[in-house]
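J.:
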């Protein structure tokens, strides 16, 4: 915790130090002449993507003689610090992968190059995905792959309890109750209330017709927020979701049938099959987010690819990004690391239509929004998580939680 | 006699408590991924496998990372042994103006967490053009406030008369330092060497920030690639942890005598 606070302080200092250039009118994007593309492109990418991208990029090299791509894989743990340091020291690569929620903060440093309109067509992407890279009216980089959340449930337990996957909030409560009472899922639904728990709550706010920010201000203390928090907390209060499980007990609890349902992203399809073994694959399925009074909007995440202003090889860098967002390439990348395409047309490819559960995410992506692309988002998300934990543990009412979030978020501001 | 047995029983219980996680980690590195995550957990592997180690050495440039870690750690040890003892000698035995103020400033640095100075330090290293070089990784660790403090405390306990006698015999400061003081510092040097080696060997954030291509990665940095937001590969990570920890265990086995000695000495005042 101490290290984290200090880290935030350091990043805050950095943001103020580099913030001078920002705040003016929207930046102009400069066209790129890809015919001049040649030489080496240096790329940073995180985690499994970073490990696989080097070999994958060979296809791009084969199609573009004279261009080489050098990928450096980074661990997620260090990526944020490493990229901020590289920006501060003006020692960036040409291209880097960025978590979509970092876009606001990184764009504010003035180190990212606006997306050239002559090369990248906004309309081919999911609007929610494109929104992650749009900061103060200027688009930076491209959405590379996307994630969104949907509702996972045990098909065998649902059948045993005689219930169908829920389409509305009310049905969700009834559904989980049936799984628990009739099919023996004694822990009900898994709701995260620790790190990353903002992803559980923010979709509910949208589904209730509210929003967490409007016109450059945080709007946590609203009736819609309270509705969302009340719905979220009701599962804990009614004993349909547990707070006393040891860290890491989930996902094994789902495999064992103690937990009947949970909300998560597409990686869990493969994750669960790995976790539960081959015969488990047929025992669970995915449904779109159950709808609240204002719809079933989910949250979109994923990663973007950006080009730095200090890139030594601008033309080849953008050409590489153009290639990465080609529908065919996106579909084949899905085959490699199961990262969902940010380009809509890629979803017609056979690789993505094969599994019905993957298709559910494709449909959900059409109704998904991004977290606010502001420099302070990561800090505000931490505030949400702290307050959500108090709510889940029954130490604070929904109304007080909304108030507490608002008060702290206001002090942090939106970095505008 | 019985009292002694009780002492040993207590110590044995403590040993089991401390050694259990290491034992579990070591055994887990021989389990398949699914068994590591199984609930309830197993202690002895149901199914022995070397797949994690095989995967580890084929997937990343682990031998390169091992080499890099060794170079970085040895350079840090050499730098600290030489420079910290020199500075410590000056603080302990050479009277000069502002000595206490300067020593105070060194102590203040002990209290500043490394993460706070990371970005300014990186900007500095970048402006020297040392990003992605061994020198860039090593330079900030070559002399440490903790090392200076340790050496100064130790050298202060060496009788002044020895130093004076050498001076009367006409020895210069360098000769006094290398021939009289340094040989007496062996326990402290062993301690400092160990501490520096551990810190450098385990160092994560600084090498991760400075090394910008995979061939410059140290072991912990290379291992961090396996830790993903969604799907951490525990098998590879645990096998990697065992590989990282082995050299430290071996070194400690050989040098533990000095390590214990050194800490007792510095505790005396």
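Protein chains in written order, with my numbering: chain A, 597 to 1012; chain B, 31 to 299.
Where is the CB? At the ideal position from N, CA and C, for every residue including glycine.
Fair warning: this is a prediction, and the values are worked out from it, not measured in the lab.
How many angstroms separate the CA atom of residue 886 of chain A from the CA atom of residue 762 of chain A?
T.: 6 Å
J.: If I measure Cβ to Cβ from residue 95 of chain B and keep anything under 7 Å in the same chain, skipping five residues before and after, which residues do I get?
T.: 247, 248, 249 and 252
J.: Using 8 Å as the threshold, is the C-beta distance between residue 707 of chain A and residue 688 of chain A below it?
T.: Pairing residue 707 of chain A with residue 688 of chain A gives a Cβ-Cβ distance under 8 Å.
J.: Name the residues in the segment 120 to 148 of chain B whose C-beta lies less than 8 Å from a C-beta of chain A; which are they?
T.: 143, 145, 146 and 148
J.: Examine chain A for any beta-carbon lying closer than 8 Å to the beta-carbon of residue 242 of chain B, and answer yes or no.
T.: At a cut-off of 8 Å between beta carbons, residue 242 of chain B contacts chain A.
J.: Examine chain A for any beta-carbon lying closer than 8 Å to the beta-carbon of residue 101 of chain B, and answer yes or no.
T.: no
J.: What does residue 152 of chain B touch in chain A if you count any residue whose Cβ is under 7 Å from its own?
T.: 681, 684 and 685
J.: For residue 642 of chain A, which beta-bridge partners are listed by DSSP?
T.: Residue pairing by DSSP places residue 642 of chain A opposite A:670 in a beta bridge.
J.: So with Cβ pairs under 8 Å, would you call residue 273 of chain B a contact of chain A?
T.: no
J.: In chain order, which alpha helix (DSSP H) runs of at least 4 residues are fully inside the segment 753 to 825 of chain A?
T.: Counting only runs of at least 4 residues, the segment 753 to 825 of chain A fully encloses the following alpha helix (DSSP H) elements, listed from N- to C-terminal order: 765 to 779 and 794 to 803.
J.: Spatial neighbours of residue 837 of chain A within its chain, please: CB distance less than 6 Å, with the 5 preceding and 5 following residues excluded, ordered by chain position.
T.: 784, 785, 787 and 831
J.: What does residue 167 of chain B reach in chain A if we use C-beta pairs closer than 8 Å?
T.: By Cβ distance, chain A contributes nothing, its closest Cβ being about 13 Å from residue 167 of chain B, past 8 Å.
J.: Determine, using beta carbons only, whether residue 26 of chain B comes closer than 8 Å to chain A.
T.: With chain B covering 31 to 299 only, the question about residue 26 of chain B has no answer from this structure.
J.: Please report the residue range of the beta strand (DSSP E) in which residue 162 of chain B lies.
T.: Segment: none, residue 162 of chain B is in no beta strand (DSSP E) and carries neither H nor E.
J.: Do we get a CB-CB distance below 8 Å when we pair residue 612 of chain A with the residues of chain B?
T.: Here residue 612 of chain A scores only 42 on pLDDT, less than 50, and its place in the model should not be relied on; the value that follows carries that caveat. Under the 8 Å criterion on CB atoms, residue 612 of chain A is classed as non-interfacial with respect to chain B.
J.: Looking at chain B, is there any beta carbon in it that lies within less than 8 Å of the beta carbon of residue 1007 of chain A?
T.: no
J.: Considering only the beta carbon of each residue, do residue 694 of chain A and residue 899 of chain A sit closer than 8 Å?
T.: yes
J.: Going by CA-CA distance only, name the one from B:211, B:62 and B:91 that's closest to residue 78 of chain B.
T.: B:62
J.: Answer with yes or no whether the minimum CB distance from residue 95 of chain B to chain A is below 8 Å.
T.: no
J.: Per DSSP, what kind of secondary structure is residue 708 of chain A in: helix, strand or coil?
T.: strand
J.: Which chain A residues are close to residue 257 of chain B, counting only those with a beta carbon under 9 Å from its beta carbon?
T.: 643, 671, 672 and 673
J.: Should residue 243 of chain B be labelled buried (16 or more other beta-carbon atoms within 10 Å of its own) or exposed?
T.: Exposed, since its Cβ has fewer than 16 Cβ neighbours within 10 Å.
J.: Should residue 1000 of chain A go down as buried or exposed, given a rule of 16 or more other Cβ atoms within 10 Å for buried?
T.: buried
J.: Only counting the same chain, and skipping five residues up and downstream in sequence, which positions put a Cβ closer than 8 Å to that of residue 269 of chain B?
T.: 59, 82, 83, 85 and 86
J.: Does any residue of chain B have a CB that is nearer than 8 Å to the CB of residue 617 of chain A?
T.: Reliability fails at residue 617 of chain A, whose pLDDT of 43 lies under 50, so the model's placement of it is uncertain and the value that follows must be treated cautiously. Not an interface residue.
J.: Sorted by chain position, which residues of the same chain lie with C-beta nearer than 7 Å to residue 829 of chain A's C-beta, five sequence neighbours on each side aside?
T.: 987, 988 and 994
J.: So, do the segment 732 to 751 of chain A and the segment 849 to 865 of chain A have three or more beta carbon pairs nearer to each other than 8 Å?
T.: With a cut-off of 8 Å, the segment 849 to 865 of chain A and the segment 732 to 751 of chain A count as touching, because enough Cβ pairs lie within range.
J.: What is the C-beta distance between residue 685 of chain A and residue 153 of chain B, in whole angstroms, given that I count them as a contact (C-beta under 8 Å)?
T.: 5 Å
J.: Based on the DSSP secondary-structure assignment, which residues constitute the bridge partners of residue 232 of chain B?
T.: Residue 232 of chain B is not bridged to any residue.
J.: If distances are taken between C-alpha atoms only, which option among A:944, A:934, A:917 and A:983 comes closest to residue 637 of chain A?
T.: A:917
J.: Just reading off the alpha helix (DSSP H) that residue 66 of chain B is part of, what are its end residues?
T.: Per DSSP, residue 66 of chain B belongs to the alpha helix (DSSP H) from 63 to 66.
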